[in-house]
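So the mapping is simple: this note's numbering equals the position in the sequence shown, first residue as 1, plus 80. In this text, a Cβ means the ideal position worked out from N, Cα and C, and glycines have one as well. Nothing here was measured: the structure is a model prediction, and the numbers come from that model. Notes for the one structure printed next.
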Amino acid sequence: MQSDHPLVTIILPVYNGEKTLGQTLESLLAQTFTNFEILIGIDGTTDDSKAIAESYSDKRIKIFENPVNLGLGPNVNKLIGEADSQSNYLAMAEQDDIYVKERLGWQVDYLNTNKNVGLITGIAEFISDFNRVQFPGILVKGNQFPQGEDLFKYLYINQLKVVNTCMMWRKDVHINNQLEFTDRYPNMNVDWDYILRFSLVSEIHGLHKVLVYMNRKLDNRSVTTDKSVQFETSRKLLNDFKHEFPQLVSRSTYSKALKVHRKIELGHKSKLGIILFSLYYFVRYFDPYFIKYIVLRISKYRNKSNT
């Protein structure tokens, strides 16, 4: 017999999601595991997101509206505060994504069986106008995340490798360790900050299964596309954590993280952009590590052109 209280609280922050929110809710309501509540946070939206959410009569859906946009972090924190007092697990959902029907069931079974694990995630399949790609590679290849400080360093250097949109985690770990989603960064790095901190207090595992399909097509305007802001806040996060956790983020670790980040930035730029970006860093930071990286990159390009 199903309890009157939900075992899982699904957190669904929404901002201008009218084009995709319906399909997200349909996939959540079609889950094979049914003992959950969905808390929707309409965050100062200017479209019909609220009307779409209200069109569903399912009693498991609860809608909370912020007249003024709070931002992702405060919105998620507010929703967690509204969770049923007797729910055990929190589950993240995003307005652009479609979840496989077994997602919640697989995750609940894993957490019920593995009491040492505080957070379980899985594989996401990105759908773009050009191809379909599964992420993260570590899970796609059948491997598992490192743990503790090793996981912290892995996620710090390589950037977020835990799929946040399909993570489920224990509410008592969140509460007992006074965790929260930050308002220090714009939306793109809120989850990165949270998962880095979570990795230091509990184990994080990943299922070797696709749990979510993420729509990242060009006509999906609810997805953040301002890469310049994302890159800037990523650099800020790396620097902030270097100062907050000096015992974990050595000079070498910070340099490795910057190298990975710069590769990501360069991968989104044209040849002209690479030159201008390189000059910008040279003038602003005079970073010898980065200059060495650019020299090696140019040398490889010349060698390739001469062969």
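Leu152 is not a Cβ neighbour of Val281, given a cutoff of 8 Å. Under the 10 Å beta carbon count, His288 is surrounded by fewer than 16 other beta carbons and is classified as exposed. Under the DSSP assignment, Pro154 falls in the alpha helix (DSSP H) whose first and last residues are Leu152 to Gly161. Every beta strand (DSSP E) stretch that sits fully inside the region 256 to 302 and reaches 3 residues is listed by chain position as 283 to 295. In this structure, the beta-carbon distance from Thr262 to Val292 does not fall below 8 Å. The secondary-structure analysis by DSSP pairs Gly121 across a beta bridge with Pro93 and Phe144. Our two residues, Thr104 and Ile178, have alpha carbons roughly 5 Å apart in a direct line.
A distance below 6 Å between beta-carbons, with the five flanking residues on each side excluded, links Asp273 to the following residues of its chain, in chain order: Thr262. Annotation: Val309 to Arg315 spans about 10 Å, alpha carbon to alpha carbon.
Assigned with DSSP and collapsed to three states, Leu328 falls in coil, not helix or strand.
Out of Tyr190, Phe325 and Tyr169, the CA that lies nearest to the CA of Ile91 is found in Tyr169.
A residue is called buried when at least 16 other Cβ atoms come within 10 angstroms of its Cβ; Ala110 does not meet this threshold and is exposed. Comparing C-alpha distances from Ser335 to each of Ile237, Ile200 and Asp138 shows the shortest one belongs to Ile237. The beta carbon of Pro226 sits closer than 7 Å to the beta carbons of Tyr234 from its chain, once the five residues preceding and following it are set aside; these are given in chain order. About 20 Å separates the beta carbons of Asn155 and Gly102, which is beyond the 8 Å limit, so they are not a contact pair.
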